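*Asks:* Counting from 114, one number per residue, gives the positions in the sequence shown under our numbering. We put the CB at the ideal spot given by N, CA and C, even for glycine. All of these numbers come straight from a predicted model, not from anything done at the bench.
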Amino acid sequence: MPELAINGGKKAVRKKPKKSGLFDEMLKEQETLVLQLLRKRETSQSPCVKELEERWADYVGAKYCLAMNNGTATLHSAFFSVIEEPGDEIITSVHTWHLGVTPIICAGGIPIFCDIDPLSLNINPSEIEEKITSRTKAICVTHCYGHPADMDRINEIAEKHNLAVIEDASHSHGCEYKGRKTGSLGDIGCFSLQGSKLMTGGEAGLFTTNSKNYYQQAIILGHYERFSCLSSTYDRYKGNAETIPFMNAGFKYRIHPFAAAMALVELKYLDERNALQMKNCWYINNGLDRIEGFAGAYVAPYVTRLGWLNFLIRCDLGYFKEIPRARIIEALRAEGVEAASGRPGYIPLVRQNLLNDRENHPARVLWYHFLKNHPEYKIQDYPAAEKVLFERISINPLRDIEFDQEYLEQILDAFRKVSKNKKDLK
Ligand SMILES: Cc1ncc(COP(=O)(O)O)c(C=O)c1O
Numbered sequence: 114m115p116e117l118a119i120n121g122g123k124k125a126v127r128k129k130p131k132k133s134g135l136f137d138e139m140l141k142e143q144e145t146l147v148l149q150l151l152r153k154r155e156t157s158q159s160p161c162v163k164e165l166e167e168r169w170a171d172y173v174g175a176k177y178c179l180a181m182n183n184g185t186a187t188l189h190s191a192f193f194s195v196i197e198e199p200g201d202e203i204i205t206s207v208h209t210w211h212l213g214v215t216p217i218i219c220a221g222g223i224p225i226f227c228d229i230d231p232l233s234l235n236i237n238p239s240e241i242e243e244k245i246t247s248r249t250k251a252i253c254v255t256h257c258y259g260h261p262a263d264m265d266r267i268n269e270i271a272e273k274h275n276l277a278v279i280e281d282a283s284h285s286h287g288c289e290y291k292g293r294k295t296g297s298l299g300d301i302g303c304f305s306l307q308g309s310k311l312m313t314g315g316e317a318g319l320f321t322t323n324s325k326n327y328y329q330q331a332i333i334l335g336h337y338e339r340f341s342c343l344s345s346t347y348d349r350y351k352g353n354a355e356t357i358p359f360m361n362a363g364f365k366y367r368i369h370p371f372a373a374a375m376a377l378v379e380l381k382y383l384d385e386r387n388a389l390q391m392k393n394c395w396y397i398n399n400g401l402d403r404i405e406g407f408a409g410a411y412v413a414p415y416v417t418r419l420g421w422l423n424f425l426i427r428c429d430l431g432y433f434k435e436i437p438r439a440r441i442i443e444a445l446r447a448e449g450v451e452a453a454s455g456r457p458g459y460i461p462l463v464r465q466n467l468l469n470d471r472e473n474h475p476a477r478v479l480w481y482h483f484l485k486n487h488p489e490y491k492i493q494d495y496p497a498a499e500k501v502l503f504e505r506i507s508i509n510p511l512r513d514i515e516f517d518q519e520y521l522e523q524i525l526d527a528f529r530k531v532s533k534n535k536k537d538l539k
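#1: Which two residues bound the contiguous alpha helix (DSSP H) that contains Leu179?
#2: Return the residue from the list Ala413, Pro488 and Glu197 that minimises the CA-CA distance to Arg93.
#3: Find the nearest neighbour of Asp517 within the set Arg127, Ala413, Asn120 and Leu502, judged by alpha-carbon distance.
#4: Taking one C-beta from the stretch 187-203 and one from the stretch 241-254 each time, how about it: are there three or more such pairs within less than 8 Å?
#5: Taking the Cβ atom as the reference point for each residue, do Ser305 and Gly449 lie within a distance shorter than 7 Å?
#6: Could you check whether Gly287 and Leu383 sit closer than 7 Å to each other, using their CB atoms as the reference points?
#7: In chain order, what are the residue ranges of uninterrupted beta strand (DSSP E) at least 3 long that sit wholly in the stretch 408-484?
#8: Comparing C-alpha positions only, which one of Ala277, His274, Asn235 and Asn323 sits nearest to His284?
#9: For Ser206, name the three-state secondary structure that DSSP assigns.
#10: What does the alpha-carbon distance come out to for the pair Val173 and Leu276?
#11: Any C-beta of chain C sitting closer than 7 Å to the C-beta of Leu212?
#12: Could you say which of Lys310, Arg456 and Arg248 lies nearest to Gly259 if we only look at CA atoms?
#13: Could you tell me if Thr417 is buried or exposed, where buried requires 16 or more neighbouring beta carbons within 10 angstroms of its beta carbon?
#14: Where do the ends of the beta strand (DSSP E) carrying Ala251 lie?
#15: Please report the residue range of the alpha helix (DSSP H) in which Ala186 lies.
#16: For a quick check, are the C-beta atoms of Ala374 and Cys178 less than 7 Å apart?
#17: Taking the alpha carbon of Pro199 as the point to measure from, which residue in Cys219, Arg456 and Thr187 has its own alpha carbon closest?
#18: Would you say the beta carbon of Ser283 is closer than 6 Å to some non-hydrogen atom of ligand 1?
#19: Are the stretch 491-506 and the stretch 451-470 touching, with three or more C-beta to C-beta distances below 8 Å?
#20: Assuming Gly318 is part of the beta strand (DSSP E), what are its boundary residues?
#21: Confirm the yes/no value for this check: CB of Thr417, any heavy atom of ligand 1, distance under 6 Å.
#22: Kindly identify the DSSP beta-bridge partner or partners of Cys303.
#23: For a test of your reading of the model: does the CB of Asn393 fall under 6 Å from any non-hydrogen atom of ligand 1? Yes or no.
#24: Counting only the same chain and skipping the five closest in sequence on each side, list residues whose C-beta sits under 6 Å from that of Leu232.
#25: Would you list the residues sitting across from Phe226 in a DSSP beta bridge?
#26: With DSSP collapsed to three states, give me the class of Gly110.
#27: Count the other CB atoms within 10 Å of the CB of Leu559; is the residue buried (16 or more) or exposed (fewer)?
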């Protein structure tokens, strides 16, 4: 086996990946559409918003879709829709983006955390039931890094206890669980379309549901311009045809038309881009399974379609013994593999100041109910979330690049070199 690049040998990855033609085509269409809106002065509201909503609802398989200015707004709307009294509880994963959880508090609720399944990195369904109380209103799941959560088990628990299910599908545009799209598997789907996501509008969000009631709640929270869509039977706050115009909850969450236009074009290309990405990723994933010390990212048998926001491959630290993971990453990077340094993915939310230093946090004024009622969160209650990422390495998710077997083999060669030459890493 040739010498490791980190010790002066030749790099394994010498080819440069070629950008896919799909991405350039998409970009041109986006430029044209956004410029058209600018020239028509459709810079605040535009018919392209409705078009995006209709197409996304149809794509996902949901009855209603409401476009918003970001994913956080969709989550705030979801929690606002299900929380009835201050102090109501939402069960969620300790391993997600903090903006998937702070909107619970902003909607008057309390987040109750579960640990994760160490393979899928999603909420561990076996922990949910023991956390349910008379105040629980919903279970929120994030399909982390693109891998769908175990929805049959989660929906079964929700049904048994009469709870809503909210999906944070911000990482999983176009991903499928048993042939159904994420965002249509629970009661409400929330998607961020922020710039780094599988489908983006720069900054935007999409809220999906089959429930007219939840759709109307979301309108009340942040879309005063749509009050004509509310039915006269809307009654959360004893609303009726006369009072509805005065019921806006005080937020403004509408999407920018430029973002909607961008997203419309992204949607057109989403399946093809996901498929090309996965062709690349599967090649690496399968190859890694044959290299000692490494394994591809886990994929549950129920997953029927994927796009990976992050490509977190597994590293067998037992095989590498006393060699620290940071050293393995360093060696891979020297070989030309685009591997992120450090811990890939989220640190458990209970470690964040936001939740463990509440009395001193600048947001304490906003969170009166949370401060009064908060549970004690203890990091030792979440061992999988605490440990599991130290066995993962985040590598370039190979999106928007042409399938090139020679390039992909060079990436695998880098792993082979590091595996075979592990003694030279000491
Ligand atoms: C899992 C998850 N939830 C929520 C959000 C918030 O979305 P946005 O940044 O569009 O407000 C993000 C964004 O990164 C996310 O990754």
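*Replies:* Straight from the coordinates:
#1: Residue numbering aside, residue 179 sits at position 66 when the sequence shown is read from its first letter. Counting along the chain, Leu179 falls outside any alpha helix (DSSP H), though it belongs to the beta strand (DSSP E) covering Tyr177 to Met181.
#2: The structure shown does not extend to residue 93, since the chain spans only 114 to 539, so no value can be given for it.
#3: Your numbering for residue 517 matches position 404 in the sequence shown. For the residues Arg127, Ala413, Asn120 and Leu502, the minimum Cα distance to Asp517 belongs to Arg127.
#4: yes
#5: Position 192 of the sequence shown, counting from 1, holds the residue named residue 305. Position 336 of the sequence shown, counting from 1, holds the residue named residue 449. Contact flag unset, no.
#6: Counting from 1 along the sequence shown, the entry for residue 383 is found at position 270. Counting from 1 along the sequence shown, the entry for residue 287 is found at position 174. In contact: Leu383 and Gly287 (Cβ atoms closer than 7 Å).
#7: 416-418 and 424-428
#8: As a working mapping, residue 284 is identified with position 171 in the sequence shown. The shortest C-alpha separation from His284 is found at Asn235.
#9: The sequence position of residue 206 within the sequence shown is 93, counting from 1. Three-state result, Ser206: strand.
#10: In the sequence shown, counting from the first residue as 1, residue 173 sits at position 60. In the sequence shown, counting from the first residue as 1, residue 276 sits at position 163. Roughly 22 Å between the two C-alpha positions.
#11: No chain C is part of this structure, which consists of one protein chain only.
#12: Reading the sequence shown from its first residue, position 146 is the one you call residue 259. Selected option, being the one with the closest Cα: Lys310.
#13: Here residue 417 refers to the residue found at position 304 when the sequence shown is read from its first residue. With fewer than 16 Cβ atoms within 10 Å of its Cβ, Thr417 is classed as exposed.
#14: By 1-based counting over the sequence shown, the position of residue 251 is 138. Counting along the chain, the beta strand (DSSP E) containing Ala251 begins and ends at Thr249 to Thr255.
#15: One-based indexing of the sequence shown puts residue 186 at position 73. Here the alpha helix (DSSP H) through Ala186 covers Gly184 to Val195.
#16: Residue 374 sits at position 261 when you count from the first residue of the sequence shown. Residue 178 sits at position 65 when you count from the first residue of the sequence shown. Contact flag unset, no.
#17: Working through the sequence shown from its first residue, we reach residue 199 at position 86. Out of Cys219, Arg456 and Thr187, Cys219 has the C-alpha closest to the C-alpha of Pro199.
#18: Along the sequence shown, read from residue 1 onward, the residue named residue 283 stands at position 170. Result yes, Cβ under 6 Å from ligand 1.
#19: yes
#20: Stepping through the sequence shown from its first residue, residue 318 is reached at position 205. Start and end: Gly318 to Thr322.
#21: Locating residue 417 in the sequence shown gives position 304, counting from the first residue. No, since every heavy atom of ligand 1 falls outside the 6 Å radius drawn around the Cβ of Thr417.
#22: Position 190 of the sequence shown holds residue 303. Partner(s): Asp281 and Phe320.
#23: Position 280 of the sequence shown, counting from 1, holds the residue named residue 393. Outside the cutoff, so no.
#24: Reading the sequence shown from its first residue, position 119 is the one you call residue 232. The answer, listed in chain order, is Tyr411.
#25: Here residue 226 corresponds to residue number 113 of the sequence shown, with the count starting at 1. According to DSSP, Phe226 bridges with Thr205.
#26: Any property of residue 110 remains undetermined from this structure, which presents the chain solely from 114 to 539.
#27: With the chain covering only 114 through 539, there is no way to say anything about residue 559.
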